[in-house]
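Visitor: Residue numbering for the sequence shown follows our numbering, beginning at 139 and increasing consecutively.
Virtual Cβ for every residue (Gly too), placed ideally from N, Cα, C.
Take a look at the following structure, please.
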Amino acid sequence: MGSKSDQIKGLANQAAGKLKQGVSKITGSKETQAKGAAQELKGKAQQTMGKGKSAVKDTANKVADKANKKL
């Protein structure tokens, strides 16, 4: 999975998790609240992973560019 798709899926999971938590406040469902919190946390992790992949890719590109300039 690409870094951008990880970030987008992470945002979607965060939003869905927050929505579930909001619904749980209306319905009083502790199960829905827990599932929402878990999904939101999953989304945050996905976003972080995507940002990390982007940082690694950017660094690798910079190193490759410097190496190519020295050749």
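Tell me, please, whether the stretch 160-169 touches the stretch 200-208 by the rule of three or more beta-carbon pairs shorter than 8 Å.
Guide: No: the two stretches stay apart, fewer than three of their Cβ pairs being nearer than 8 Å.
Visitor: For Leu-179, which of helix, strand or coil comes out of DSSP?
Guide: One-based indexing of the sequence shown puts residue 179 at position 41. Here DSSP, grouped into helix, strand and coil, assigns Leu-179 to helix.
Visitor: At which residues does the alpha helix (DSSP H) containing Ser-167 begin and terminate?
Guide: As a position in the sequence shown, residue 167 is number 29, starting the count at 1. Note, Ser-167: premise wrong, no alpha helix (DSSP H); not H, not E.
Visitor: Specify the secondary structure class of Leu-157 as computed by DSSP and reduced to three states.
Guide: Reading the sequence shown from its first residue, position 19 is the one you call residue 157. For Leu-157, the three-state secondary structure derived from DSSP is helix.
Visitor: Secondary structure at Gly-148, three-state DSSP: helix, strand or coil?
Guide: Indexing the sequence shown from 1 puts residue 148 at position 10. It is helical.
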